[in-house]
Structure formats: structure tokens, C-alpha cells
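If you read the sequence shown in the numbering used here, its first letter stands for residue 763, the second for the next number, and so on. C-beta: ideal position from N, C-alpha, C; glycine also. Only a predicted model underlies this, so the values are computations on that prediction, with no experimental measurement involved. First the structure, in the form of C-alpha cells, and then the observations on it.
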Amino acid sequence: ISYIYRDLFQEIGISSETSIWLGGFMGLSYLTYIEIMDGYGKDWGFEPSDFYFNLLGSIYFVSQHYLPILQNITPKAMYFKPESHNELSRNPSNNFIDNYSGQTFFLSINVYNLLPMELKKYWINWLEISVGYSARNLSYLPPTSKDGNVNSYEVFPGVWGSPRFIIALDYNLVKMLPDGPPFWNWFKQTINYIKFPSPALEVGPGIKPRFKLLYPF
Numbered sequence: 763i764s765y766i767y768r769d770l771f772q773e774i775g776i777s778s779e780t781s782i783w784l785g786g787f788m789g790l791s792y793l794t795y796i797e798i799m800d801g802y803g804k805d806w807g808f809e810p811s812d813f814y815f816n817l818l819g820s821i822y823f824v825s826q827h828y829l830p831i832l833q834n835i836t837p838k839a840m841y842f843k844p845e846s847h848n849e850l851s852r853n854p855s856n857n858f859i860d861n862y863s864g865q866t867f868f869l870s871i872n873v874y875n876l877l878p879m880e881l882k883k884y885w886i887n888w889l890e891i892s893v894g895y896s897a898r899n900l901s902y903l904p905p906t907s908k909d910g911n912v913n914s915y916e917v918f919p920g921v922w923g924s925p926r927f928i929i930a931l932d933y934n935l936v937k938m939l940p941d942g943p944p945f946w947n948w949f950k951q952t953i954n955y956i957k958f959p960s961p962a963l964e965v966g967p968g969i970k971p972r973f974k975l976l977y978p979f
């Protein structure tokens with residue numbers, strides 16, 4: 763959100779540095795508004811940890827401008843409907859924003875930029891490594907098997923929340939895709955915040971380590 767606002771402010775002629783601060787402020791402001799609304803929601807509540815991480819995300823966005831080394835660690839997000847990889851959607855959820863069970867968040871590390879000069883020749887410049895986290899099967903209601911047995915937890919192990927930690931290969935789309943007109947360059951920079959399926963190792967409490975050729979499938 764901060765990134766989008768930063769670009770909008772730059773587009774209307776505000777200086778780059780001011781736009782970065784305004785972007786960070788607007789991103790935090792919007793998410794704080796959401797948290798306050800949750801505080802008044804009947805089935806929700808204000809969650810301090812959510813606010814702290816929103817604040818941390820905005821600070822990190824601004825800090826990338828003043829500490830360029832942080833530009834080598836890019837937050838990314840992935841969403842696939844859990845049923846597409848044989849797991850449970852969050853229940854209840856009304857849309858993909860509420861369906862936390864389908865969301866995975868990553869920090870993608872630009873290995874090439876961080877390597878010493880003499881080792882760069884051994885690494886593909888667009889190949890990165892991501893570390894991620896997801897909470898699967900956040901179902902408030904027990905799953906039902908085909909025979910209607912609501913106690914069939916063998917069908918979906920880890921119901922009520924199954925934490926997953928992921929180590930994955932990743933793509934730096936800014937380096938991978940060719941340069942072009944300004945809008946194209948902006949577009950590939952923007953979609954670089956999306957994590958696309960790639961080979962990954964998934965681990966978590968109560969599950970065996972699993973290698974997936976195109977995570978999460």
C-alpha cells in the first residue's frame with residue numbers, strides 16, 4: 763500500500779523523498795483505520811500485534827530509501843484458494859482478503875547483490891531465495907468427510923490452524939524481464955511484490971517436511 767501511494771504522489775509531481783514519507787504514512791493510516799474498525803466489529807477486535815506489524819512494515823518501506831542494503835530484501839505475498847492444493851479455507855471468510863488460510867507471505871533475498879564480486883559469476887542474477895510463513899486450515903468449523911462425519915480429522919490434519927514455514931527459490935522479475943517503456947518497467951517492478959509458484963521446502967509442527975516443485979501445489 764505504501765509503495766502504491768508513493769508512486770501516486772510522485773506521479774503528481776511531489777519530490778521522491780517526500781513521496782516516500784507520505785507513502786509510508788498513508789499505508790500505515792489506511793491499515794490503522796482497518797484495525798480501528800475491527801475494534802468496533804461484533805465478531806472482531808483491535809489486535810495490537812496487527813498494528814505493530816503494520817507500523818513495522820511502513821517503517822521498513824521508508825528505511826529502504828535510507829539504508830539501500832534493505833532493498834535486497836523484498837516482502838512478497840502469494841494467494842491461492844486452499845482447496846486448490848487440498849487444504850481448508852478459513853471458515854468463516856467472505857473473500858480472499860479474509861481467507862487467511864490461502865495467504866503466504868515471504869521475504870525474498872537478492873542473493874546476487876549480496877554476494878562478493880568474485881562469487882557473482884556462480885549465481886544467476888535473477889535467482890533469489892525466499893523465506894515464507896503461512897497458517898493453513900484456519901477453520902472455526904470442523905471439516906466433513908464424504909460420509910458426513912464431522913469428526914473425520916484424518917481427512918484434513920491440522921484443522922484449527924497449521925503453521926507452515928517455507929524456503930523457496932524465487933524470481934527477481936525486475937532483472938528477469940527485459941526493460942521497455944516506462945509503464946512496462948513500472949509494471950514489472952510492481953508485480954515483483956507477488957510471489958509466484960516455485961520449488962520450495964515446507965515444514966511445520968505436526969507435518970512431515972515436504973518438497974513441492976511449484977509451491978503451494
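Under 8 Å between C-beta atoms, does residue i make it to chain D?
i: residue 876; result: Among the chains of the structure shown, chain D does not appear; only one protein chain is present.
Just tell me which of the options has its CA closest to the CA of residue i.
i: residue 782; options: 764, 793, 831; result: 764
i: residue 797; options: 784, 929, 779, 817; result: 817
i: residue 967; options: 896, 938, 773, 939; result: 896
i: residue 837; options: 947, 933, 962, 976; result: 933
i: residue 827; options: 856, 870, 779; result: 779
To the nearest angstrom, report how far apart residue i and residue j are at their CA atoms.
i: residue 884; j: residue 875; result: 12 Å
i: residue 943; j: residue 953; result: 16 Å
i: residue 805; j: residue 900; result: 16 Å
i: residue 853; j: residue 861; result: 8 Å
i: residue 794; j: residue 879; result: 43 Å
i: residue 845; j: residue 974; result: 16 Å
i: residue 916; j: residue 925; result: At residue 916 the pLDDT is 45, less than 50, meaning the model places this residue with poor confidence; the figure from the coordinates comes in the next sentence. Each residue's Cα considered, the two are about 17 Å apart.
i: residue 770; j: residue 898; result: 35 Å
i: residue 950; j: residue 958; result: 13 Å
i: residue 894; j: residue 867; result: 5 Å
i: residue 808; j: residue 792; result: 14 Å
So, helix, strand or coil for residue i, using DSSP?
i: residue 966; result: strand
i: residue 848; result: coil
i: residue 932; result: strand
i: residue 842; result: coil
i: residue 942; result: coil
i: residue 884; result: helix
i: residue 956; result: strand
i: residue 947; result: helix
Write down the C-beta distance between residue i and residue j rounded to the nearest angstrom, noting that I regard them as a contact closer than 8 Å.
i: residue 820; j: residue 789; result: 5 Å
i: residue 850; j: residue 873; result: Between residue 873 and residue 850 the Cβ distance is about 34 Å, and since that is not below 8 Å, they are no contact.
i: residue 976; j: residue 960; result: 7 Å
i: residue 774; j: residue 834; result: Rounded, the Cβ-Cβ distance is 29 Å, inconsistent with contact.
i: residue 767; j: residue 839; result: Contact flag wrong, Cβ pair sits at about 17 Å.
Following a CB-centred definition, is residue i positioned closer than 7 Å to any heavy atom of the ligand HEM?
i: residue 935; result: For the ligand HEM, the structure offers nothing, since it holds no ligand at all.
Legend entry - 3-residue-minimum beta strand (DSSP E) runs that sit fully inside the segment 771 to 844, ordered along the chain: 835 to 841
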